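Step one of this worksheet: look at the structure below.
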Amino acid sequence: MPPDAIASRPNTIETSTPIVAAVQINPRQDDSLFEHVAWVYVFCREHLFRDDTERIIAALWPSGPPDAGTQLMEIGCGPGFYACQLAERFHNISITGVDRSETQLQRARERADVLGLSNCCFQRINALDLSCADAKFDVVIASRLFTILPEQNRVIAEMYRVLKPGGRCFIAEPRHVIWASIPLFAMWVLVRLIRARNGYREPHKATVFSTSAFENLFPTQPWKQIKIWQDGRYQYALCERA
14 MPPDAIASRP NTIETSTPIV AAVQINPRQD DSLFEHVAWV YVFCREHLFR DDTERIIAAL
74 WPSGPPDAGT QLMEIGCGPG FYACQLAERF HNISITGVDR SETQLQRARE RADVLGLSNC
134 CFQRINALDL SCADAKFDVV IASRLFTILP EQNRVIAEMY RVLKPGGRCF IAEPRHVIWA
194 SIPLFAMWVL VRLIRARNGY REPHKATVFS TSAFENLFPT QPWKQIKIWQ DGRYQYALCE
254 RA
């Protein structure tokens with residue numbers, strides 16, 4: 014973390030105002046671009062997006078490897094990029110990846126099988142309702158989750174709920190609308206070429222938070238500590254549960 018880019022935030026509730034570009038969520042719940050043209054997002058995640066694996070490790074475990082038995086959840090895991098990276102790096106931790114797209118999850122399971130990983134699993138779960146016990150996980154991570162997801166404060170509340178006391182979450186979000194929207198642009202163009210309909214729930218462009226709006230997301234929960242920093246096209250948060 015660049016030392017001049019880290020800011021600790023007071024635990025006061027403020028209103029977050031993201032930069033939103035044409036966000037319209039279709040009420041249909043099962044018709045998703047991430048199901049029908051899943052390969053586009055998989056390609057972007059595996060070949061175009063920044064690989065934050067080393068940043069995640071440095072932020073969460075600065076003093077050395079995680080303790081054996083650490084329980085980690087990746088929310089919005091998509092094709093399981095980070096879940097598999099971390100499971101391969103640390104064989105003594107258990108990782109659960111969750112996503113709404115069964116097609117993305119199938120890709121994640123295939124990736125784990127190819128790598129011979131037995132310490133990660135993938136489940137179809139909505140980030141707005143994680144459907145698991147309180148205080149179950151030591152670590153929660155999420156990358157590019159808020160670009161298409163409404164009710165961000167509700168997701169932050171779910172993250173806080175499922176973390177154990179002293180547990181930490183790491184969040185990475187893009188800072189620029191055009192860059193963040195590349196997979197959405199590509200998926201919408203493709204479905205318009207092959208399908209004569211627009212009935213997908215995803216927006217046409219991404220939601221991106223200004224620095225202040227991103228900072229204001231996290232004090233909605235009583236975190237013990239919040240750190241925010243920026244690095245190039247991304248901004249990051251590391252929060253510790255009280």
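So the mapping is simple: the working numbering equals the position in the sequence shown, first residue as 1, plus 13. C-beta: ideal position from N, C-alpha, C; glycine also. Treat the numbers as computed from the prediction; the structure is a model and nothing was measured.
query                                                                                                           : result
Trp74 (DSSP reduced to helix, strand or coil)                                                                   : coil
Counterpart residues of Asn139 in DSSP-defined beta bridges                                                     : Asp142
Where Asp164 falls: helix, strand or coil (DSSP)                                                                : Note that residue 164 corresponds to Glu in the displayed sequence, not to Asp. Coil, per DSSP.
Residues near Phe231 in its chain [Cβ-Cβ closer than 8 Å; skip 5 each side]                                     : Arg22, Ile169, Ile239, Ile241, Ala250, Cys252
C-beta contact flag for Pro78 and Phe103 at 8 Å                                                                 : yes
At least three beta-carbon pairs within less than 8 Å, the region 144-151 to the region 116-130                 : no
Beta-carbon gap between Gly133 and Val153 smaller than 8 Å                                                      : It is Cys, not Gly, that sits at residue 133 in the sequence shown. Their beta carbons are not under 8 Å apart, which means Cys133 does not touch Val153 by this criterion.
Ser144 to Met172 span [Cα, whole Å]                                                                             : 11 Å
Leu164, buried or exposed, once every other Cβ within 10 Å from all chains shown has been counted against 16    : Just to set this straight, residue 164 is Glu in the shown sequence, not Leu. So Glu164 counts as exposed.
Where Phe159 falls: helix, strand or coil (DSSP)                                                                : coil
Other residues of its chain near Trp157: CB distance less than 8 Å, five sequence neighbours each side excluded : Here the sequence assigns Arg to residue 157, which means Trp is not the residue at that position. Cβ neighbours of Arg157 beyond the five flanking positions: Phe62, Gly89, Ala185, Glu186, Pro187, Ala193.
Run of the alpha helix (DSSP H) containing Ser225, from where it starts to where it stops                       : 224-230
Extent of the continuous alpha helix (DSSP H) run through Glu87                                                 : From DSSP, Glu87 is part of no alpha helix (DSSP H) but of the beta strand (DSSP E) over 84-88.
Residue(s) in a DSSP beta bridge with Gln98                                                                     : None; Gln98 has no bridge partner.
Ala255 versus Thr233: straight-line alpha-carbon distance, rounded                                              : 13 Å
Beta-carbon proximity list for Gly245, same chain, < 7 Å, skipping 5 on both sides                              : none
Reduced DSSP secondary structure (H/G/I, E/B, other) of Asp112                                                  : strand
One or two residues paired with Pro187 in a DSSP bridge                                                         : Tyr247
Sheet register partners of Trp242 (DSSP bridge)                                                                 : Tyr249
Inter-residue spacing [alpha-carbon to alpha-carbon] between Gly82 and Ala72                                    : 19 Å
Heavy atom of the ligand ADP within 7 Å of His189 beta-carbon                                                   : Ligands displayed in this structure: none; no statement on the ligand ADP is therefore possible.
Cβ separation of Ala155 and Phe135, assumed to be a contact under 8 Å, to the nearest whole Å                   : In fact, because the Cβ distance is near 15 Å, the residues do not count as touching under 8 Å.
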